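Participant: Here it is, the structure in full.
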Amino acid sequence: MLFNSLSFAVFMTVVFLIYWLVPVKYRYMVVLAANCYFYLGFGVGSFLLLCAVSVVTYIGAFFMEKSDGGLRKICFGVPFAVSLGLLLVFKYFNFAGQILSDTLGIFGIGFTPAVLKIAAPIGISFYTFKVISYMVEVYRGKLPAQRNFAKYAVYVSFFPQIASGPIERPAPFFAGLERENVFSYDKASNAVKLMAVGFFKKMIVADLLSGYVTKVFSNVNAYDGFALMAAAFLFSIQIYCDFAGYSDIANGAAQLLGYDGARNFEYPYFSSSVKEFWGRWHISLSTWFRDYIYIPLGGSRVGSLRYACNIMITFIVSGLWHGANLTFIVWGALHGAVQVFETFAHNAWAKLHGRDPKDKSYRKKGVARIAGIVFVFIFATVAWVFFEAGSVGDAMYVLTNMWHGITSPAAYVKGGLQSIGINSGMMLHLVLVIGMMFAYDLTAYIAAEHGGSAFTWLKRLPKPVRWIIYILVVDLMVIWFMQYGADSSSFVYFEF
Numbered sequence: 035m036l037f038n039s040l041s042f043a044v045f046m047t048v049v050f051l052i053y054w055l056v057p058v059k060y061r062y063m064v065v066l067a068a069n070c071y072f073y074l075g076f077g078v079g080s081f082l083l084l085c086a087v088s089v090v091t092y093i094g095a096f097f098m099e100k101s102d103g104g105l106r107k108i109c110f111g112v113p114f115a116v117s118l119g120l121l122l123v124f125k126y127f128n129f130a131g132q133i134l135s136d137t138l139g140i141f142g143i144g145f146t147p148a149v150l151k152i153a154a155p156i157g158i159s160f161y162t163f164k165v166i167s168y169m170v171e172v173y174r175g176k177l178p179a180q181r182n183f184a185k186y187a188v189y190v191s192f193f194p195q196i197a198s199g200p201i202e203r204p205a206p207f208f209a210g211l212e213r214e215n216v217f218s219y220d221k222a223s224n225a226v227k228l229m230a231v232g233f234f235k236k237m238i239v240a241d242l243l244s245g246y247v248t249k250v251f252s253n254v255n256a257y258d259g260f261a262l263m264a265a266a267f268l269f270s271i272q273i274y275c276d277f278a279g280y281s282d283i284a285n286g287a288a289q290l291l292g293y294d295g296a297r298n299f300e301y302p303y304f305s306s307s308v309k310e311f312w313g314r315w316h317i318s319l320s321t322w323f324r325d326y327i328y329i330p331l332g333g334s335r336v337g338s339l340r341y342a343c344n345i346m347i348t349f350i351v352s353g354l355w356h357g358a359n360l361t362f363i364v365w366g367a368l369h370g371a372v373q374v375f376e377t378f379a380h381n382a383w384a385k386l387h388g389r390d391p392k393d394k395s396y397r398k399k400g401v402a403r404i405a406g407i408v409f410v411f412i413f414a415t416v417a418w419v420f421f422e423a424g425s426v427g428d429a430m431y432v433l434t435n436m437w438h439g440i441t442s443p444a445a446y447v448k449g450g451l452q453s454i455g456i457n458s459g460m461m462l463h464l465v466l467v468i469g470m471m472f473a474y475d476l477t478a479y480i481a482a483e484h485g486g487s488a489f490t491w492l493k494r495l496p497k498p499v500r501w502i503i504y505i506l507v508v509d510l511m512v513i514w515f516m517q518y519g520a521d522s523s524s525f526v527y528f529e530f
């Protein structure tokens, strides 16, 4: 069941009504039932695997809390190994076999690897990280083991987050379960508005762009020049709107049930450095890697060489988490390498000018900030080419051939747009929807910088202006349904 489907709209409405009608002490059971129904839609096998992981980690944490010494480590290690092992098998078994085959082939040794023909269950990358987070926090003594299995199962399988996150931490989620929520019209209204923003980003922007992006990246050798540059640019917008849209819908759905989901995006394309970008992009994942990989490795509290290694390891693992392909490893390595370069360059600049390396205020204003934002967007777009391309060779083809014909700018742009099917009318449509998305994000970003939100600013607008905005958004939604009907495309991060 996809968020951008009529079936989810009906499902969410029913769950919302039942949740607020039943007594407070039974509400978590309503959510658990909704979780089970939602995830069963992805297959009985996937559901049973989710149940098995939940049971194993629940039992492990329960006995781990009561044990010490070697037994405590066993109670932690076994569920941890089972959970992580299942993820590794489903996502990386075939990739590892192919790497082994290719490596042996270099030495003239023939090897045909076994092939696992079972697709990875939806959301396994996300709920595995949730249960690992829970196990680690209990092991460290920072969180008591959850005694109520049903409440633990609600955490692991929470339907707004199960497919593509956010990767919620256990402590705030369990605190939300214990809180006696009282229905608030204002909170529900803001939740619906947040979901509407998410649907706009996904259905009106991301789905519109995906056709052009897929057309080019599925057969890159058939294109050159501006067609490749346009596809790279459009994918930067598409993946942001697709995943940020999903996160907005997920958090809106959670808020309708009284839960405050983890914030996953904070307008990343307004970042002035790659480090800031990762503080704003997929925040729940980047903080997970920070807390459970980067900091345990030593973080930045080590020498320069080891710091660089820690960053590179963290980002390469992040790349592998996204997919079993060399393209994702290159994507992660690029982000890690540029972040290391930024740090070393800043430290050298600070030393040269006699300034405190911790003082990065110059990045937050004026030309330096604008230049940083432009650089980050261009770099992210280049890196996204590896993320979307089918192979490193395809990515290199895109990056090296997008400049063909640029010496004749008018013909370069016109020919590129025509080759991927963008006429003047569609160009106007693209500018309109991307412009609306940019205007919303810019407004929300500025509001957040001043301690507010886009919704509070929206309330300050004259009523006629607000209604013009509402009608325009609804009209675009209607046009989308008229064109695509009840069909809906999946979210990009469902693949991970």
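To convert, take the position in the sequence shown, counting from 1, and add 34; that gives our numbering.
Where is the CB? At the ideal position from N, CA and C, for every residue including glycine.
Because the structure is a prediction, the values reported are computed rather than measured.
Under three-state DSSP, which class holds Ser101?
Facilitator: DSSP places Ser101 in coil when its eight states are reduced to three.
Participant: So, for Gly292: in the same chain, excluding its five sequence neighbours on each side, which residues have a beta-carbon less than 6 Å away from its beta-carbon?
Facilitator: Taken in chain order, the residues that qualify are Asn215.
Participant: Beta-carbon separation of Ala187 and Leu66 under 9 Å?
Facilitator: Yes, the pair counts as a contact, with Cβ atoms nearer than the cut-off.
Participant: What three-state label does DSSP hand Glu422 in the structure shown?
Facilitator: The answer is helix: DSSP assigns Glu422 an H, G or I state.
Participant: Just tell me which of Met63, Gly75, Arg61 has its CA closest to the CA of Ser41.
Facilitator: Ranking Met63, Gly75, Arg61 by Cα distance to Ser41 puts Gly75 first.
Participant: Suppose you measure from the CA of Ala520 to the CA of Ser39; what does that come to, to the nearest Å?
Facilitator: Unreliable positioning characterises Ala520 in this predicted model, as indicated by a pLDDT of 46, which lies under 50. The coordinate reading is nonetheless provided below. C-alpha separation (whole angstroms): 7 Å.
Participant: Is it buried or exposed for Trp322, if we count other Cβ within 10 angstroms and need 16 for buried?
Facilitator: Answer is buried; the Cβ neighbour count reaches 16.
Participant: If you compare alpha carbons, which of Thr91, Tyr173, Phe45 is closest to Asp102?
Facilitator: Of the listed residues, the one whose Cα sits closest to Asp102 is Tyr173.
Participant: Go ahead and pull the three-state DSSP assignment for Asn298.
Facilitator: Here Asn298 sits in coil by DSSP.
Participant: Looking at the unbroken alpha helix (DSSP H) that takes in Gln195, where does it start and where does it end?
Facilitator: Careful: Gln195 lies outside any alpha helix (DSSP H) and carries neither H nor E.
Participant: Using DSSP with H/G/I as helix, E/B as strand and the rest coil, what is Arg494?
Facilitator: DSSP places Arg494 in helix when its eight states are reduced to three.
Participant: Counting C-beta neighbours from all protein chains within 10 Å, is the total for Val48 16 or more, i.e. buried, or is it exposed?
Facilitator: By the 10 Å Cβ count, Val48 comes out exposed.
Participant: Note the first and the last residue of the continuous alpha helix (DSSP H) segment covering Ile347.
Facilitator: Taken as a continuous stretch (DSSP letters only), the alpha helix (DSSP H) holding Ile347 covers 338-356.
Participant: With 16 other CB atoms within 10 Å as the buried threshold, where does Asn69 fall?
Facilitator: It counts as buried.
Participant: Report all residues from its chain with a CB closer than 8 Å to the CB of Ala222; omit the five preceding and five following residues, and keep chain order.
Facilitator: Cβ neighbours of Ala222 beyond the five flanking positions: Gln289, Leu290.
Participant: Quick one: give me the first and last residue of the alpha helix (DSSP H) that Glu212 is part of.
Facilitator: Taken as a continuous stretch (DSSP letters only), the alpha helix (DSSP H) holding Glu212 covers 204-212.
Participant: Should Gln452 go down as buried or exposed, given a rule of 16 or more other Cβ atoms within 10 Å for buried?
Facilitator: So Gln452 counts as exposed.
Participant: Taking only the alpha-carbon atoms, compute the straight-line gap between Gly245 and Ser159 and give it to the nearest angstrom.
Facilitator: Answer to the nearest angstrom: the Cα atoms are 26 Å apart.
Participant: For Pro113 and Ser167, what's the separation of their Cα atoms in angstroms?
Facilitator: Cα-Cα distance, rounded: 12 Å.
Participant: Whose CA, out of Asn224, Ser281, Val254, Arg181, lies closest to the CA of Phe420?
Facilitator: Checking every option, the nearest Cα to that of Phe420 belongs to Val254.
Participant: Hey, would you say Gly199 sits closer than 9 Å to Leu84, going by beta carbons?
Facilitator: No.
Participant: Could you pull out every residue in the same chain whose Cβ sits closer than 8 Å to the Cβ of Val336, ignoring the five residues on either side in sequence?
Facilitator: These residues qualify, in order along the chain: Asn344.
Participant: With DSSP as the reference, label Gly455 as helix, strand or coil.
Facilitator: It is coil, neither helix nor strand.
Participant: Helix, strand or coil for Met169 per DSSP?
Facilitator: Residue state, collapsed to three classes: helix.
Participant: How about Tyr479 and Val410: do their beta carbons lie closer than 9 Å?
Facilitator: The answer is no: Cβ separation not under 9 Å.
Participant: Just how far apart, CA to CA, sit Leu105 and Ser117?
Facilitator: Cα to Cα, the separation comes out at about 19 Å.
Participant: Under three-state DSSP, which class holds Val123?
Facilitator: Residue state, collapsed to three classes: helix.
Participant: How far does the alpha helix (DSSP H) with Tyr246 in it reach, from first residue to last?
Facilitator: Start and end: 241-251.
Participant: What does the alpha-carbon distance come out to for the pair Ala382 and Asn359?
Facilitator: Roughly 35 Å separates the two Cα atoms.
Participant: If we call anything under 9 Å between Cβ atoms a contact, is Phe81 one with Tyr92?
Facilitator: Contact: no.
Participant: According to DSSP, simplified to helix, strand and coil, what is Thr441?
Facilitator: Of the three classes helix, strand and coil, the one that applies to Thr441 here is coil, per DSSP.
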